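Student: Residue numbers (this note's numbering): 334 to 823. So that we are looking at the same thing, I have put the structure below in structure tokens.
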């Protein structure tokens, strides 16, 4: 307050704060209010100690600043936590979508492409690709699928899984060792020098390579790139490792399903060819019996008959016996010819063939067959007509031999305008369909498995309904446009 009085004399009053040093040297903070000449040559000054007040205000300000700092720190921490939560949700959603794709997609190539797409679009990474290990001289890694910012990177990468310079990166090492590998910093990691320039140019700063394992073998690797250094921590690496294991399982399953489909197609093609070959062989044998053997037997019978007319009594007797035996041979040959290749199915329609079959079953096996036709004879391919005829005949054989009845029913109708249906039913002893297996046969012929497979050849089916003591019902259904020949040539 040194200059206070000068100020008061010039301005008449003063109000302010200052420091007051007491006689003991203690410094106080004081607030002064002073007025000049309140009376002639009289001045008024009031001092108030505000030391504690100012100290309290300073402490309050310090506490306020500290609180604001803590709030800022907590806000930043919360922001980081929210970002981590969003990222975790992204990773979990990516994992879920990938597993849904693995369950849904059968095709290997489509599966790999979909997994890479989900990793990029849902996981928000820069690039994801699947490399399959080739067993060529260079042990190269073939890019099988990718998604993201690739722009020729994989062509230039020329990655190998051999223990060479280009095989010691994350992808090659993951395939060679079967362990997860990290490319933590493409800018500084010396092991990533072969790919540094192209990676940095595309914004790749770190990567993770996940082996695709099948037991002790490694099929390839799933490699993912991120824009930040060391982007793949333990939590992400664990989830991505599980994803890679699931993808490997899906690839193996897709390959197994493909091999199974190919095996089934081959089996059906072979079954189709077998059916056609069997039909041709039956026709050939029937023709040989009819045109050759039966003619020889008839000729022999004629000669024996002529011999019997010119000899003595004993010769005539023996000749008569031989003639009768030859007659039986001719009849047996004719029966065998009809069984091998019935003339009606070769020449007539399906209805006429089934009518002939009903009469033949009655005459041959004592089984009365009732034929119910709901539609006029529908033209079908010759090979399909023969197969339906043979299948129906085998089913009727089964009735005659095992059902313990003397009658059966055969129904023929069109279903839905585009399918032909033959139903063979009886009121016999029946059986439990669950006990049937591929090895069981019906009579001496196709067997259920063979009939079902041959129906499948024509995109048809065999349905079985039976219960012990309640009879049986076999339904053969096939498209009107079906044909075995396209399968037989596969």
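For glycine and all other residues, C-beta sits at the position ideal for the given N, C-alpha and C. Predicted, not measured: the structure shown is a model, and the values here were computed from it.
(1) Just to confirm my understanding: we take residue 708, look at its own chain, exclude 5 residues before and 5 after, and list those with CB closer than 6 Å. What are they?
(2) Apart from the five residues on each side of it in sequence, which residues of its chain come closer than 7 Å, Cβ to Cβ, to residue 588?
(3) What are the partner residues of residue 759, as DSSP defines its beta bridges?
(4) When the Cα of residue 768 is compared with those of 624, 798 and 756, which residue comes out closest?
(5) Compare the Cα-Cα distances from residue 758 to each of 751, 388, 793 and 705 and report the closest residue.
(6) So does the stretch 535–542 actually touch the stretch 448–461, counting three or more Cβ pairs closer than 8 Å?
(7) Take the Cβ of residue 736 as the centre, count every other Cβ of all protein chains shown within 10 Å, and call the residue buried at 16 or more, exposed below.
(8) From the DSSP output, which residues share a beta bridge with residue 479?
(9) Unbroken beta strand (DSSP E) runs of length 3 or more, entirely within the stretch 633–711: which are they?
(10) Count the other C-beta atoms from every protein chain shown that fall within 10 angstroms of the C-beta of residue 805, then say buried if there are 16 or more, exposed otherwise.
(11) Any chance the CB of residue 380 is under 7 Å from a heavy atom of the ligand ADP?
(12) Starting from the C-beta of residue 464, find all residues in its chain whose C-beta is less than 6 Å away, skip the five residues before and the five after it, and write them out in chain order.
(13) Can you list the beta strand (DSSP E) stretches of 3 or more residues lying completely in the stretch 497–561, in chain order?
(14) Apart from the five residues just before and just after residue 618, which ones in its own chain have a Cβ nearer than 6 Å to its Cβ?
(15) Am I right that residue 547 and residue 513 are in contact with their C-beta atoms under 8 Å? What's the rounded C-beta distance?
(16) Short of 6 Å in beta carbon distance, which residues of its chain neighbour residue 761, apart from the five on each side in sequence? Order them along the chain.
(17) Note the first and the last residue of the continuous alpha helix (DSSP H) segment covering residue 594.
(18) So what's residue 362 in DSSP terms, helix, strand or just coil?
(19) Quick one: Cα of residue 793 to Cα of residue 675, how far?
(20) If you measure between the beta carbons of residue 466 and residue 448, is that distance less than 8 Å?
(21) From the DSSP output, which residues share a beta bridge with residue 810?
(22) With distances taken from CA atoms, which of 406, 531, 389 and 508 is nearest residue 489?
(23) If distances are taken between C-alpha atoms only, which option among 481, 687 and 551 comes closest to residue 506?
(24) According to DSSP, simplified to helix, strand and coil, what is residue 774?
(25) Tell me which residues share the same chain as residue 478 and place their Cβ nearer than 8 Å to its Cβ, disregarding the 5 neighbours each side in the sequence.
(26) Distance, Cα to Cα, residue 524 vs residue 414?
(27) According to DSSP, simplified to helix, strand and coil, what is residue 800?
(28) Note down, in chain order, each residue of its chain lying with its Cβ closer than 8 Å to the Cβ of residue 438, except the 5 sequence neighbours on either side.
(29) Please report how far the alpha carbon of residue 358 lies from the alpha carbon of residue 366, in whole angstroms.
(30) Measuring only the C-alpha atoms, how far is residue 571 from residue 578?
(31) If you draw a straight line from the C-alpha of residue 529 to the C-alpha of residue 522, how long is it?
(32) By how many angstroms is the C-alpha of residue 381 removed from the C-alpha of residue 351?
(33) What's the C-alpha gap between residue 778 and residue 727?
(34) Alpha carbon to alpha carbon, what distance is there between residue 724 and residue 451?
Tutor: Checking against the coordinates, here is how it stands:
(1) Mapped onto the chain shown, residue 708 falls at position 375. Result list for residue 708: 746 and 747, in chain order.
(2) Indexing the chain shown from 1 puts residue 588 at position 255. Cβ neighbours of residue 588 beyond the five flanking positions: 441.
(3) For this step, residue 759 is matched to residue 426 along the chain shown. According to DSSP, which records beta bridges pairwise, residue 759 is partnered with 805.
(4) Your numbering for residue 768 matches position 435 in the chain shown. The shortest Cα separation from residue 768 among 624, 798 and 756 belongs to 798.
(5) Here residue 758 refers to the residue found at position 425 of the chain shown. Of 751, 388, 793 and 705, the residue nearest in Cα terms is 705.
(6) Verdict: yes, contact present.
(7) Here residue 736 refers to the residue found at position 403 when the chain shown is read from its first residue. With a threshold of 16 other beta carbon atoms within 10 Å, residue 736 meets it and is buried.
(8) Counted from its first residue, the chain shown places residue 479 at position 146. Looking at the DSSP assignment, residue 479 forms a beta bridge with 462.
(9) 701–706
(10) On the chain shown, position 472 is the one that residue 805 refers to. Buried, since its Cβ has 16 or more Cβ neighbours within 10 Å.
(11) The model on display carries no ligand, and the ligand ADP is accordingly not part of it.
(12) As a first step, residue 464 must be located in the chain shown, where it is residue number 131. Once the five neighbours on either side are set aside, the close Cβ partners of residue 464 are 474, 476, 504, 553 and 554.
(13) 514–516, 539–547 and 550–559
(14) Here residue 618 corresponds to residue number 285 of the chain shown, with the count starting at 1. Only 673 meet the Cβ criterion.
(15) One-based indexing of the chain shown puts residue 547 at position 214. One-based indexing of the chain shown puts residue 513 at position 180. The pair is not a contact, with the Cβ atoms about 16 Å apart (cut-off 8 Å).
(16) For the purposes of this step, residue 761 is taken as the residue at position 428 of the chain shown. Hits under 6 Å: 736, 737, 738 and 804.
(17) Counting from 1 along the chain shown, the entry for residue 594 is found at position 261. That run of the alpha helix (DSSP H) goes 567–621.
(18) Taking the chain shown and counting its residues from 1, one reaches residue 362 at position 29. Three-state result, residue 362: strand.
(19) Numbered from 1 along the chain shown, position 460 holds the residue referred to as residue 793. Numbered from 1 along the chain shown, position 342 holds the residue referred to as residue 675. Distance between the alpha carbons of residue 793 and residue 675 is about 24 Å.
(20) By one-based count along the chain shown, residue 466 stands at place 133. By one-based count along the chain shown, residue 448 stands at place 115. Not closer than 8 Å, so no.
(21) Taking the first residue of the chain shown as position 1, residue 810 is located at position 477. Paired residue(s): 754 and 794.
(22) As a first step, residue 489 must be located in the chain shown, where it is residue number 156. The option with the nearest alpha carbon to residue 489 is 531.
(23) Position 173 of the chain shown, counted from the start, is the residue given in the question as residue 506. The residue among 481, 687 and 551 with its C-alpha nearest the C-alpha of residue 506 is 551.
(24) Counting from one through the chain shown, the residue named residue 774 turns up at place 441. Any reading at residue 774 must be qualified, since the residue scores a pLDDT of 48, below 50, and its modelled position is unreliable; the value itself is stated next. Residue 774 falls in the coil class under three-state DSSP.
(25) Within the chain shown, residue 478 is the residue found at index 145, counting from 1. 442, 445, 446, 448, 449, 462 and 463, listed in sequence order.
(26) Residue numbering aside, residue 524 sits at position 191 when the chain shown is read from its first letter. Residue numbering aside, residue 414 sits at position 81 when the chain shown is read from its first letter. Their backbone Cα atoms lie some 33 Å apart in a straight line.
(27) As a working mapping, residue 800 is identified with position 467 in the chain shown. The answer is coil: DSSP assigns residue 800 none of H, G, I, E or B.
(28) As a working note, residue 438 is residue 105 in the chain shown. The beta carbon of residue 438 sits closer than 8 Å to those of 444, 447, 583 and 587, all from its chain and outside the five residues before and after it, given in chain order.
(29) Position 25 of the chain shown, counted from the first residue, corresponds to residue 358. Position 33 of the chain shown, counted from the first residue, corresponds to residue 366. Distance between the alpha carbons of residue 358 and residue 366 is about 23 Å.
(30) Here residue 571 refers to the residue found at position 238 when the chain shown is read from its first residue. Here residue 578 refers to the residue found at position 245 when the chain shown is read from its first residue. If I take the Cα positions, the gap works out to 11 Å.
(31) In the chain shown, residue 529 corresponds to position 196, counting from 1. In the chain shown, residue 522 corresponds to position 189, counting from 1. Residue 529 and residue 522: Cα-Cα distance of roughly 9 Å.
(32) One-based indexing of the chain shown puts residue 351 at position 18. One-based indexing of the chain shown puts residue 381 at position 48. A straight-line Cα-Cα distance of about 10 Å links residue 351 and residue 381.
(33) For the purposes of this step, residue 778 is taken as residue 445 along the chain shown, with counting starting at 1. For the purposes of this step, residue 727 is taken as residue 394 along the chain shown, with counting starting at 1. Note that residue 778 scores 41 on pLDDT, short of 50, meaning its location in the model is unreliable; the coordinates nonetheless yield the value given after this. Roughly 6 Å between the two C-alpha positions.
(34) On the chain shown, residue 451 is found 118 positions in, with the first residue counted as 1. On the chain shown, residue 724 is found 391 positions in, with the first residue counted as 1. Each residue's Cα considered, the two are about 50 Å apart.
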